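Only one structure is covered here, and it is reproduced in the block below.
Numbering (the working numbering), first residue to last: 64 to 364.
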């Protein structure tokens, strides 16, 4: 059974508790994103073979989307915490350059009899956007994940079927672009501009492809060896605000790639982990080696 529907959501709603707990969302942030239509309530589902998969909430901008799903079993097929999907596919119509990750929002020690939340985070890596276009989620086979892990074998299949859910997100993107044009201290990189919202960020840098030689212990021989490694650019990790306050470890890198053939221009993609305030930013925090350095930004127009 395939369900495809765009749902007009009520503007005010209470976020899924497990999702809010994971991202440390307070009531003020919840209300702000509701008011901005960056967060939307959903009630779209697919159901067969005793399993119901329902999209209950999205928090999204043009470049990243958190989709919260509630997965419920039944008397026909009760869910248990040792279960998992054999595979999940995510497709965005007209956009092959995406990255995504998924996770259960309950622990294996929790009671799954009333259902379990599952979150999928999708990131656009091709500048084509995620909003107002079909996003197809496919879930394949329920397996006994615990037994497979315990025996170091392929997990036994408990339910051999697939579920598909196609969503069309109509959230609003309210992000801002900050001009930076500053060398990042302790590195050869230059931060050029940052697109930032409560949901995600895109950072453009001048950064030249290079390799470095590292040393380590060969696990098979116990002998120290040297190896070449592609050097990573500085990683954006936090924000400084005009009032002097600082939010560290709120920006999480997800992916990145060079945007020109010469491999001298680099674009990093990530998401705003705690959905921190994205306005009135005066500076950025980067990891350079083991140090945290600050880089000022210009006030957006």
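From the three backbone atoms N, C-alpha and C, an ideal C-beta is built for every residue, glycine too. This one's a predicted model, so the numbers in the text were calculated from it and none came from an experiment.
Would you kindly work out how many angstroms separate the C-alpha atoms of residue i and residue j, rounded to a whole number?
i	j	result
residue 383	residue 77	Nothing about residue 383 can be reported from this structure: the residues present for the chain run from 64 to 364 only.
residue 219	residue 225	16 Å
residue 170	residue 79	16 Å
residue 139	residue 299	48 Å
residue 246	residue 189	26 Å
residue 358	residue 248	8 Å
residue 157	residue 194	12 Å
residue 348	residue 266	12 Å
residue 223	residue 217	14 Å
residue 282	residue 175	40 Å
residue 113	residue 212	25 Å
residue 129	residue 285	43 Å
residue 180	residue 323	40 Å
residue 183	residue 310	25 Å
residue 338	residue 121	13 Å
residue 229	residue 95	27 Å
residue 186	residue 127	4 Å
residue 318	residue 268	14 Å
residue 351	residue 316	14 Å
residue 161	residue 123	14 Å
residue 362	residue 314	19 Å
residue 308	residue 355	16 Å
residue 270	residue 244	13 Å
residue 312	residue 85	14 Å
residue 280	residue 110	51 Å
residue 131	residue 303	30 Å
residue 196	residue 164	19 Å
residue 264	residue 346	14 Å
residue 294	residue 254	17 Å
residue 82	residue 231	20 Å
residue 256	residue 288	39 Å
residue 201	residue 116	10 Å
residue 251	residue 325	16 Å
residue 274	residue 227	42 Å
residue 328	residue 272	9 Å
residue 69	residue 90	Low confidence applies here, because residue 69 scores a pLDDT of 42, under 50, leaving its location unreliable; read the following figure in that light. If I take the Cα positions, the gap works out to 26 Å.
residue 142	residue 134	9 Å
Identify every residue that forms a DSSP beta bridge with residue i.
i	result
residue 243	According to DSSP, which records beta bridges pairwise, residue 243 is partnered with nothing at all.
residue 226	202
residue 268	254, 329
residue 131	120, 182
residue 231	197
residue 301	348
residue 446	Residue 446 is absent from the structure shown; the chain starts at 64 and stops at 364.
residue 334	263, 315
How far does the beta strand (DSSP E) with residue i in it extend, from its first residue to its last?
i	result
residue 359	354-359
residue 327	Run containing residue 327: none; DSSP gives neither H nor E here.
residue 292	287-293
residue 278	274-280
residue 109	102-111
residue 321	314-321
Compare the C-beta of residue i against all C-beta atoms of chain B and say whether one is closer than 8 Å.
i	result
residue 167	The structure shown contains no chain B; it holds only a single protein chain.
Following the continuous alpha helix (DSSP H) through residue i, name the residue where it begins and the one where it ends.
i	result
residue 96	90-98
residue 261	From DSSP, residue 261 is part of no alpha helix (DSSP H); its letter is neither H nor E.
residue 84	80-85
**Message:** So within the stretch 148-219, which uninterrupted alpha helix (DSSP H) runs reach at least 4 residues, ignoring any that extend past its ends?
**Reply:** Runs found: 208-214.
**Prompt:** Three or more beta-carbon pairs under 8 Å between the stretch 86-101 and the stretch 250-270, yes or no?
**Reply:** Cβ pair count under 8 Å is three or more, so yes.
**Asked** Below 8 Å, can you find three or more Cβ-Cβ pairs linking the stretch 133-150 to the stretch 200-209?
**Response** Verdict: yes, contact present.
**Request:** Give a yes or no on contact between the stretch 332-344 and the stretch 238-245, applying the rule of three or more CB pairs nearer than 8 Å.
**Result:** Under the 8 Å Cβ criterion, the stretch 332-344 counts as touching the stretch 238-245, having at least three qualifying pairs.
**Message:** I'd like to know if the stretch 283-303 and the stretch 324-336 are in contact, where contact means that at least 3 CB-CB pairs between them fall below 8 Å.
**Reply:** Segments in contact, yes.
**Meets three-Cβ-pair contact criterion under 8 Å: the stretch 150-168 and the stretch 106-125** = The stretch 150-168 is not in contact with the stretch 106-125.
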